[in-house]
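Remarks on the structure that follows.
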Amino acid sequence: MHFPVLKTDNIVLDEITQDDEQWIFDIFSNDEVTQYYDLESFKTLDQAKGLIELVQARFRASCGIRWAIRLVGSETCIGTCGFNSWNKNYQSTVIGYDLNQNYWNRGIMTESLQSIIAFAFKGGLACKDVNRIQADIVPENAASEKVLTKLGFEVEGLLRESAYWKDRFQDLKCFSLLRSDYIINGDNKC
């Protein structure tokens, strides 16, 4: 199966490989990056290797996809974004993303997500037709909420104590973007 490469004026989204191990470690070993994540900050390179293997296995099994985010002209992986899972019957998918702290507040994640959202709504994913993209974030993650609302996601509600990590139950704020809203808002014609 061929891994899709997406390009914009400023970024290249391509496959995460073992060559990205150190960069993935740099991202996920930062407590600021993982603060709202359902995992602890990485302590070893083996954890980065394991995450890369998981992402690659999901792609091979056609049940998820995660891109490396790179600036045009650079091989450095500065973040990742993608669809962690999807349901073909419901035509829905769950989006996820992270970015090296050195690149926050530059519009990189917004540009990256615009690209993969357009790809999904145009039928580019292995699940083909996507009608709904969902994002679940902890309510305290204001930066993530800002990106999602900028992209047209709507708040659907609060899932009270719906997850458990870092030794406590977590509320999750549920967002969605529907294909019909995406087309109506003129974000990108499908």
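For the record, in the sequence shown the residue sitting at position 26 is 26 according to full-length UniProt numbering, with numbers rising by one throughout.
Note that the Cβ used here is the ideal one computed from N, Cα and C, for glycine as well.
Treat the numbers as computed from the prediction; the structure is a model and nothing was measured.
Where does residue 83 sit, in a helix, a strand or coil, going by DSSP?
Your numbering for residue 83 matches position 83 in the sequence shown. Looking at residue 83 - three-state DSSP - the assignment turns out to be strand.
What residues match up with residue 173 in a beta bridge as DSSP calls it?
Here residue 173 refers to the residue found at position 173 of the sequence shown. 137 and 158, per the DSSP bridge assignment.
Tell me where the alpha helix (DSSP H) around residue 115 begins and ends.
One-based indexing of the sequence shown puts residue 115 at position 115. Run containing residue 115: 108-121, per the alpha helix (DSSP H) assignment.
Any idea if residue 173 is buried or exposed, counting beta-carbon neighbours within 10 angstroms, 16 or more meaning buried?
Within the sequence shown, the letter at position 173 stands for residue 173. The residue in question, residue 173, is buried, as its Cβ has 16 or more Cβ neighbours within 10 Å.
Mind checking residue 42: buried by the 16 CB within 10 Å criterion, or exposed?
Residue numbering aside, residue 42 sits at position 42 when the sequence shown is read from its first letter. The residue in question, residue 42, is buried, as its Cβ has 16 or more Cβ neighbours within 10 Å.
Below 8 Å CB to CB, which residues in the same chain sit around residue 119 once its five sequence neighbours on both sides are set aside?
Position 119 of the sequence shown, counting from 1, holds the residue named residue 119. Excluding positions up to five away in sequence, the list reads 4, 6 and 125.
Can you tell me the Cα-Cα spacing of residue 190 and residue 123, whole angstroms?
On the sequence shown, position 190 is the one that residue 190 refers to. On the sequence shown, position 123 is the one that residue 123 refers to. The predicted model places residue 190 with a pLDDT of 41, which falls under 50 and marks its position as unreliable, so this point remains unresolved.
Whose CA, out of 12, 182 and 137, lies closest to the CA of residue 72?
Working through the sequence shown from its first residue, we reach residue 72 at position 72. Among 12, 182 and 137, the Cα nearest to that of residue 72 is on 12.
Does residue 190 come out as helix, strand or coil in the three-state DSSP assignment?
Residue mapping note: residue 190 aligns to position 190 of the sequence shown, counting from 1. The predicted model places residue 190 with a pLDDT of 41, which falls under 50 and marks its position as unreliable; any figure quoted below should be read in that light. Looking at residue 190 - three-state DSSP - the assignment turns out to be coil, as it is neither helix nor strand.
Roughly how many whole angstroms lie between the Cα atoms of residue 149 and residue 109?
Position 149 of the sequence shown, counted from the first residue, corresponds to residue 149. Position 109 of the sequence shown, counted from the first residue, corresponds to residue 109. When rounded, the distance between both Cα atoms is 13 Å.
Measuring CA to CA, which of 128, 97 and 127 is closest to residue 114?
Your numbering for residue 114 matches position 114 in the sequence shown. Per the Cα distances, 97.
Scan the stretch 30-99 and note each continuous alpha helix (DSSP H) run of 4 residues or more that stays entirely inside, going in chain order.
31-34 and 45-60
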